[in-house]
Each structure stands twice: as C-alpha cells, then as structure tokens.
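Asker: Residue numbering for the sequence shown follows our numbering, starting at 4 and increasing by one per position.
Where a beta carbon is used, it is the ideal one built from N, C-alpha and C, also for glycine.
Nothing here was measured: the structure is a model prediction, and the numbers come from that model.
Quick one: this structure, given as structure tokens, is what I'll be asking you about.
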Amino acid sequence: MISKARFAALSLFLTGLTSNTISGSKEYLYADKDATPVIEFLKPDKIKSESDVQYKLRIRHPNFLEGKGNGPRFVEFYAPWCPHCQHFKPTYIDVARKITDVASNVKFYAVACTTHYDICKDRGVKGYPTIKYFSEGNSTGTLVVRSQVNVKDLMKNYITAKIDSNTDTDKVMKKDSKIIPKPYHGSQIDKTVKTHALTNANANIYHDATSSFIYALHNSIFMTSKTLSNSEADAFETWIRLLSKTLPYTMSDTKNTILLLLDDITGIVQNENIMLDILKERISSQRDKKTSNYENDVPDIASEGWTAACAHSVPASGYTCGLWELFHIMTIGLVEENYKLSKPISTMHAAESLNKYVEHFFACEECRTNFMDMYDSCSFDRCNRLNWNETKHGDIHWKQLPLWLWEVHNDVNMRLMTEEKIRLGLPEPTFKEQQAVVWPSKNDCQVCWNDDGTWQENEVYFYLYQHYWPTDARTVAYVSQKNTDQILITSKNSLSRYLLLCIAMSLFALWLTVRTRKWQKYLTGYHKKADDCCV
Ligand SMILES: Cc1cc2nc3c(=O)[nH]c(=O)nc-3n(C[C@H](O)[C@H](O)[C@H](O)COP(=O)(O)OP(=O)(O)OC[C@H]3O[C@@H](n4cnc5c(N)ncnc54)[C@H](O)[C@@H]3O)c2cc1C
Numbered sequence: 004m005i006s007k008a009r010f011a012a013l014s015l016f017l018t019g020l021t022s023n024t025i026s027g028s029k030e031y032l033y034a035d036k037d038a039t040p041v042i043e044f045l046k047p048d049k050i051k052s053e054s055d056v057q058y059k060l061r062i063r064h065p066n067f068l069e070g071k072g073n074g075p076r077f078v079e080f081y082a083p084w085c086p087h088c089q090h091f092k093p094t095y096i097d098v099a100r101k102i103t104d105v106a107s108n109v110k111f112y113a114v115a116c117t118t119h120y121d122i123c124k125d126r127g128v129k130g131y132p133t134i135k136y137f138s139e140g141n142s143t144g145t146l147v148v149r150s151q152v153n154v155k156d157l158m159k160n161y162i163t164a165k166i167d168s169n170t171d172t173d174k175v176m177k178k179d180s181k182i183i184p185k186p187y188h189g190s191q192i193d194k195t196v197k198t199h200a201l202t203n204a205n206a207n208i209y210h211d212a213t214s215s216f217i218y219a220l221h222n223s224i225f226m227t228s229k230t231l232s233n234s235e236a237d238a239f240e241t242w243i244r245l246l247s248k249t250l251p252y253t254m255s256d257t258k259n260t261i262l263l264l265l266d267d268i269t270g271i272v273q274n275e276n277i278m279l280d281i282l283k284e285r286i287s288s289q290r291d292k293k294t295s296n297y298e299n300d301v302p303d304i305a306s307e308g309w310t311a312a313c314a315h316s317v318p319a320s321g322y323t324c325g326l327w328e329l330f331h332i333m334t335i336g337l338v339e340e341n342y343k344l345s346k347p348i349s350t351m352h353a354a355e356s357l358n359k360y361v362e363h364f365f366a367c368e369e370c371r372t373n374f375m376d377m378y379d380s381c382s383f384d385r386c387n388r389l390n391w392n393e394t395k396h397g398d399i400h401w402k403q404l405p406l407w408l409w410e411v412h413n414d415v416n417m418r419l420m421t422e423e424k425i426r427l428g429l430p431e432p433t434f435k436e437q438q439a440v441v442w443p444s445k446n447d448c449q450v451c452w453n454d455d456g457t458w459q460e461n462e463v464y465f466y467l468y469q470h471y472w473p474t475d476a477r478t479v480a481y482v483s484q485k486n487t488d489q490i491l492i493t494s495k496n497s498l499s500r501y502l503l504l505c506i507a508m509s510l511f512a513l514w515l516t517v518r519t520r521k522w523q524k525y526l527t528g529y530h531k532k533a534d535d536c537c538v
C-alpha cells in the first residue's frame with residue numbers, strides 16, 4: 004500500500020504539475036539577495052478585496068512590463084530547469100551590477116516562465132533564456148542576442164544615450180571581465196567524482212520520465228499561442244503516437260493519457276484547453292483512486308515531481324533528466340515492441356519524430372540547437388545506421404536507434420563537462436575525466452568498455468535494455484557470449500511452446516503408425532501367414 008507521506012508527496016507533485024509550476028522554493032533563480040540588482044518577478048499575494056479574475060490579470064500584466072511610467076529595462080524570460088539559464092545567471096547578475104552602477108535608471112528583471120507561463124506566452128517566448136530590452140515607455144520589447152549580454156554591447160547598443168552625464172563610458176565598458184561561476188549542484192564536474200554512482204532504479208526512471216512527459220504537456224506544447232501550427236500539430240501527434248506504441252506497460256497510465264489525447268487530437272491541436280481538461284481529469288481520477296501506477300513501487304519522491312536520482316538537489320533540473328529517460332525508454336521500446344508488430348516501426352521514423360519533438364517543444368534554446376545540429380549533420384553515422392525501410396527489420400538493425408541515442412547523450416555529457424571546465428577556467432578535461440562522465444561507467448559495466456575507450460555494441464545494448472525496460476516484461480532472454488561478440492536471443496515462451504508442440508506431434512505420429520499397422524493387418528490380413536507362422 005502507498006504510505007500517507009508518499010501519497011501526500013505525490014499529490015503535491017501532481018498539484019505542482021497542474022498549475023504549470025514546479026512548486027517549492029526552487030521556483031526561481033533570482034529570488035535570493037545574492038542576485039541583486041536583478042529583480043525577480045515573484046507571484047504576488049492576493050489582496051482580500053480582489054476578485055480571482057482581477058488577481059489573475061494582475062499577475063499576467065505586471066507593471067514593469069507595461070510601457071507607462073517605466074524607464075529602460077532588460078527582462079530575462081527563463082525556466083529554472085534550463086541548464087543554460089543556470090549557466091547564464093552569474094553573467095546576467097554581473098552585467099546588471101556593472102550597468103546599474105553607472106546608469107541607475109536602468110533596471111534588470113527576471114521572469115520564471117514555469118511559474119508565469121501566461122506572461123511568457125503573451126510575449127511569444129519560445130526558448131529559454133530569452134532576453135528582451137524595453138526602452139522607456141515601451142511595452143513590446145526587442146530581442147537581445149544572448150552573446151551580446153555584456154557590458155560593452157549593452158551600453159553601446161541600448162543604453163549610452165541614457166546614462167548619467169558624468170560617466171566615463173570607456174571606463175564602464177572596460178568593466179567586462181571574465182566571470183568565474185561556481186559549479187552548481189549536479190554539475191558534470193561533480194560527476195567525474197561520482198561517476199554516475201546515483202543510478203536510477205527502474206521505478207524511478209518511469210516516474211521521472213512520466214513527470215517530464217506530463218510537465219511538457221503543461222508547459223512546452225502550447226508555448227506561444229492556444230493553437231498549434233500545422234508542423235507543430237504534426238510533430239506532436241506523431242510523437243505521442245510513437246510513445247503510445249513504444250512505452251512499456253509500467254507506464255500504462257501515461258499510455259492511457261496518450262490514448263485520450265489521440266481520441267481528441269484534432270480538437271487538441273486547435274485548443275490547448277481541451278488537453279488541459281484531459282490532464283485535469285487524469286489527476287483527479289488518480290486522486291480518487293488515492294493511488295497511481297506506482298502503487299506497488301512508489302519511488303522516493305524527494306522533491307516535487309522528480310526523484311532524487313534525477314533532480315539531484317535542484318528539483319527543477321529533473322525535467323531534462325526525465326526527458327532523456329523518456330527518449331531512451333522509447334528507443335528500447337521500439338526494439339522490444341517491433342518483435343510483436345506485424346509492421347515494425349522504422350528506426351528513422353522514430354528518430355525523425357524525436358528530432359521534430361525537440362525542434363518544436365524542447366524550450367532549452369541551446370540544447371535544442373545542439374541536438375538538431377548533431378541530428379542534421381548525421382552525427383554518429385545516423386544517416387547510415389538508421390533506416391526508413393520498415394520491411395528491413397531485425398533486432399540488429401533496430402538496436403541502432405537506442406545505441407545512436409546513447410552515443411548522442413554521452414556526447415552531450417562530455418560537452419557539458421568541457422564547457423563547464425572552460426567556464427570555471429580549468430584546463431581541458433583529460434581522457435580519464437572524459438571516461439568518468441560517459442555512461443555507464445566502467446565500474447557499472449566492465450564488459451561495455453574496451454581499454455581504449457571503444458565499446459562493445461551488444462553489451463551496451465544489453466545494459467541499456469536492463470536499465471530502461473521492465474524486468475518482468477522481457478519476452479527475450481539474452482545470453483551474452485563472453486568471447487564472441489554476439490547476443491543470442493531466443494524467445495523463452497515461444498521456445499517452450501515449440502518444444503511442447505514437437506513432443507505432441509511425435510506422440511501423435513507414433514500413435515498413428517501403430518494404429519495404421521493394426522488396421523492394415525485387420526483389413527488385408529497381409530501379415531496373417533507370417534503371424535501364424537511365428538506364434
Ligand atoms: C535532448 C537534450 C539535449 C540537451 N542538450 C544540452 C546542452 O546542449 N547543454 C546543456 O547544458 N544541457 C543539455 N541538456 C541537459 C543535460 O543533458 C542534462 O539533462 C542535465 O544537465 C541534467 O543532467 P543529469 O545529471 O540529471 O543527467 P542526464 O544527462 O539528464 O541523464 C539522465 C539519466 O540518464 C542516464 N544516462 C546518462 N547518460 C546516458 C547515456 N549516454 N545513455 C543512456 N542513459 C544515460 C543516467 O541514468 C542519468 O541519470 C540536454 C537535454 C536533452 C534532453
């Protein structure tokens with residue numbers, strides 16, 4: 004049975020997801036004093052005399068975004084889970100400090116789109132972080148390229164005309180200096196020490212993947228308007244159809260939600276509210292049941308939404324982690340489910356669908372660009388390894404999809420570490436450090452890795468399979484042959500069925516032979532003489 008405390012935690016998580024927020028103290032990046040002079044827009048308290056509608060309007064249209072009475076302002080629209088927003092924070096604070104030192108009329112604001120979803124939607128924010136400049140009296144704002152968020156460029160392009168008359172502009176511009184941020188929790192540098200020690204147990208993985216899936220439905224599908232464009236609608240439908248076929252039974256709740264969405268897909272792509280209603284019903288039915296699909300295996304919900312294995316100590320970070328897990332589960336699901344399908348799903352179809360999903364609905368701007376660049380440049384031999392041809396099937400071929408995604412993910416892991424070392428002013432990572440961030444570590448899977456860093460395809464697939472697929476859903480038994488480079492796959496069920504059939508057929512054949520001989524004797528008397536002779 005689910006414990007009360009766990010149910011309370013789960014309810015809290017579900018509530019958080021419904022209100023488009025990651026509830027808790029980690030909702031904001033700039034809410035602490037250290038972030039001064041950046042002003043975080045915190046959700047205001049409701050005034051007693053205010054109606055619900057008035058309150059909602061006040062939150063949706065904060066004064067600092069209106070033109071009237073406001074001086075020049077920079078506003079960063081961000082999501083706390085977005086790694087590049089976390090990386091950008093020290094730069095934004097530093098630039099804000101230096102500029103406000105000399106131009107006290109300029110203000111720097113931050114808006115967490117996860118909490119203030121509608122504000123960001125009204126402003127057409129499609130990727131995080133988005134920085135906009137609002138000149139005096141202006142409420143529309145112009146986009147500021149992130150690479151230009153430095154003292155020199157902001158002064159030159161936006162502020163010079165407005166600064167205090169006695170200021171030595173050159174001196175201010177020279178204020179640009181290299182910012183050395185501290186590593187944040189869950190950083191890649193930490194991982195070189197931890198070497199992925201905190202591996203996710205299966206139940207946690209399905210929980211975290213579900214959290215990210217549901218979170219994305221609430222926050223990432225309808226980012227800029229209430230209807231989807233044709234290409235967005237197509238990307239969304241194709242993606243959820245793929246998931247409906249490739250998620251394991253342990254995610255049946257998610258699969259059911261997907262089926263409900265597919266039932267009304269034409270309406271949903273035209274109107275976000277239809278989807279939100281379906282999600283609300285899902286949550287209330289889970290509450291009524293006072294349970295969830297994790298009833299028998301409730302993960303340790305250490306933070307709102309994501310388990311400790313994903314969120315580390317930063318709950319908001321769980322989103323991208325759960326998303327990776329959802330992607331990996333889907334790729335293993337393709338291999339496992341293709342065995343059963345009369346028309347297998349092609350590996351290229353699944354990869355295209357994933358890429359389109361990232362393109363349209365993954366709001367971490369830089370993550371999205373990097374991923375799509377890798378995809379478009381056929382990184383890790385994608386264009387040769389994956390195939391459109393659905394009739395060209397067989398597990399060796401299908402497995403290239405999970406293996407390709409595994410390589411892409413490891414490449415991201417390595418890149419993050421390199422970038423972090425650069426940010427911290429540390430030397431380039433050594434081979435040993437690089438090996439420490441690849442997954443699985445050599446400790447976790449010795450047979451996966453060769454000494455020179457190359458890897459064993461079948462062992463890696465087997466590891467991925469064990470990690471991402473439910474143990475009791477296995478239809479195939481793997482025998483890893485140590486000295487050959489092969490995996491022997493046999494279907495336990497079909498093997499035993501086949502053996503039984505053979506035995507039954509042999510018995511039948513024996514019985515038939517005996518019967519036939521008796522009948523021959525009876526009808527023809529052919530053996531009579533001989534029989535008589537020998538009795
Ligand atoms: C598509 C995508 C692109 C991204 N691009 C960027 C980017 O360009 N820059 C950036 O700063 N952040 C990027 N991120 C976020 C980043 O990859 C991490 O998700 C984030 O830093 C949180 O890391 P984590 O430690 O929780 O583990 P994650 O890297 O999120 O991994 C989640 C879990 O997957 C497992 N895992 C790890 N590696 C592998 C692997 N190779 N194969 C299978 N399973 C694995 C581990 O159990 C791990 O706990 C991206 C995320 C996604 C989903």
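Using a 10 Å radius around the Cβ and a threshold of 16 neighbouring Cβ atoms, would you call S320 buried or exposed?
Answerer: buried
Asker: Tell me which same chain residues have a C-beta within less than 8 angstroms of the C-beta of N373, skipping the five on either side of it?
Answerer: Around N373, the same chain offers V415, R418 as residues with beta carbons nearer than 8 angstroms, after the five sequence neighbours per side are excluded.
Asker: Label D384 either buried or exposed according to how many other C-beta atoms from any shown protein chain fall within 10 Å of its C-beta, with 16 as the threshold for buried.
Answerer: exposed
Asker: Out of L32, N358, K110, P443, which one is the CA nearest neighbour of F330?
Answerer: N358
Asker: Assuming I243 contacts L264 under a Cβ cut-off of 8 angstroms, what Cβ separation, rounded to an integer in Å, is found between them?
Answerer: 6 angstroms
Asker: Ligand 1 and C451: does the residue's C-beta get closer than 7 angstroms to at least one heavy atom of that ligand?
Answerer: no
Asker: What's the gap between the Cα of G130 and the Cα of Y378?
Answerer: C-alpha separation (whole angstroms): 19 angstroms.
Asker: Taking one C-beta from the region 104–113 and one from the region 65–76 each time, how about it: are there three or more such pairs within less than 8 angstroms?
Answerer: Short answer: they touch.
Asker: Return the chain-ordered list of same chain residues with a C-beta closer than 8 angstroms to the C-beta of N274, the five sequence neighbours on each side being excluded.
Answerer: So the list reads K229, T230, once near-sequence residues are dropped.
Asker: Can you check which of these residues, P40, K59, D398, is closest to D48 by C-alpha distance?
Answerer: Of the listed residues, the one whose Cα sits closest to D48 is K59.
Asker: Check for me: the beta strand (DSSP E) holding S146 runs from which residue to which?
Answerer: Position check: residue 146 holds Leu in this sequence, whereas Ser was assumed. For L146, the enclosing beta strand (DSSP E) stretches over residues 145–147.
Asker: Let's test the definition: count the other Cβ atoms within 10 Å of the Cβ of P430 and tell me whether it reaches 16, buried, or not, exposed.
Answerer: exposed
Asker: If we count the other Cβ atoms within 10 Å of its Cβ and call it buried at 16 or more, is C381 buried or exposed?
Answerer: exposed
Asker: Closest by CA to Y464, which one among E436, V338, A206?
Answerer: V338
Asker: Does at least one heavy atom of ligand 1 sit under 7 angstroms from the Cβ of V114?
Answerer: no
Asker: Taking all protein chains shown into account, decide if A38 is buried (16 or more other Cβ within 10 angstroms of its Cβ) or exposed.
Answerer: Result: buried.
Asker: Looking at C-beta atoms only, is the number of pairs between the region 436–455 and the region 355–370 that lie closer than 8 angstroms three or more?
Answerer: no
Asker: Taking its Cβ as the centre, do 16 or more other Cβ atoms sit within 10 Å of S483, making it buried, or is it exposed?
Answerer: Summary for S483: the model assigns pLDDT 38, below 50, so the residue's position carries little reliability, and this model does not support an answer.
Asker: Where does Q89 land, buried or exposed, given buried means 16+ other C-beta within 10 angstroms?
Answerer: That one is buried.
Asker: From which residue to which residue does the alpha helix (DSSP H) around R126 run?
Answerer: From DSSP, R126 is part of no alpha helix (DSSP H); its letter is neither H nor E.
Asker: From which residue to which residue does the alpha helix (DSSP H) around K101 run?
Answerer: 86–105
Asker: Give the DSSP-derived three-state secondary structure of T269 in the structure shown.
Answerer: Reduced to three states, the DSSP call for T269 is helix.
Asker: Evaluate the contact criterion for the region 148–155 versus the region 246–262: three or more CB pairs, one atom per stretch, below 8 angstroms.
Answerer: In short, these stretches do not touch, since the Cβ pair count stays below three.
Asker: Determine the burial state of M508: buried for a count of at least 16 other Cβ atoms within 10 Å of its Cβ, exposed for fewer.
Answerer: Per the 10 Å Cβ criterion, exposed.
Asker: Let's see if you can read the secondary structure: which residues bound the alpha helix (DSSP H) around V56?
Answerer: First-last of the alpha helix (DSSP H) with V56: 55–63.
Asker: Decide if W391 is buried, meaning its Cβ has at least 16 other Cβ atoms within 10 Å, or exposed.
Answerer: exposed
Asker: Excluding the 5 residues preceding and the 5 following E369 in the sequence, name in chain order all residues of the same chain whose CB lies nearer than 7 angstroms to its CB.
Answerer: In the same chain as E369, and ignoring 5 residues on each side of it, the C-beta atoms closer than 7 angstroms to its own belong to H87, in chain order.
Asker: If contacts are defined as beta-carbon pairs under 8 angstroms, then F91 and R149 qualify, I think. What distance do you get, rounded to the angstrom?
Answerer: Rounded, the Cβ-Cβ distance is 7 angstroms, consistent with contact.
Asker: In this structure, what does DSSP give as the bridge partners for K110?
Answerer: R76
Asker: Helix, strand or coil for N486 per DSSP?
Answerer: Summary for N486: the model assigns pLDDT 35, below 50, so the residue's position carries little reliability; its value from the coordinates is reported in the next sentence. Note: N486 maps to coil in three-state DSSP.
Asker: Helix, strand or coil: how does DSSP classify Y466 here?
Answerer: helix
Asker: Quick one: what's got a C-beta closer than 6 angstroms to R371's C-beta in the same chain, skipping five residues either side?
Answerer: V361, F365
Asker: Can you tell me the Cα-Cα spacing of E139 and V98, whole angstroms?
Answerer: When rounded, the distance between both Cα atoms is 19 angstroms.
Asker: Can you grab the Cα-Cα spacing for the pair E79 / K71, in whole Å?
Answerer: 20 angstroms
Asker: How would you label V56, buried or exposed, when you count the other beta carbons within 10 angstroms and need 16 or more for buried?
Answerer: exposed
Asker: Would you report the Cα separation of P65 and D121, rounded to the nearest angstrom?
Answerer: 11 angstroms
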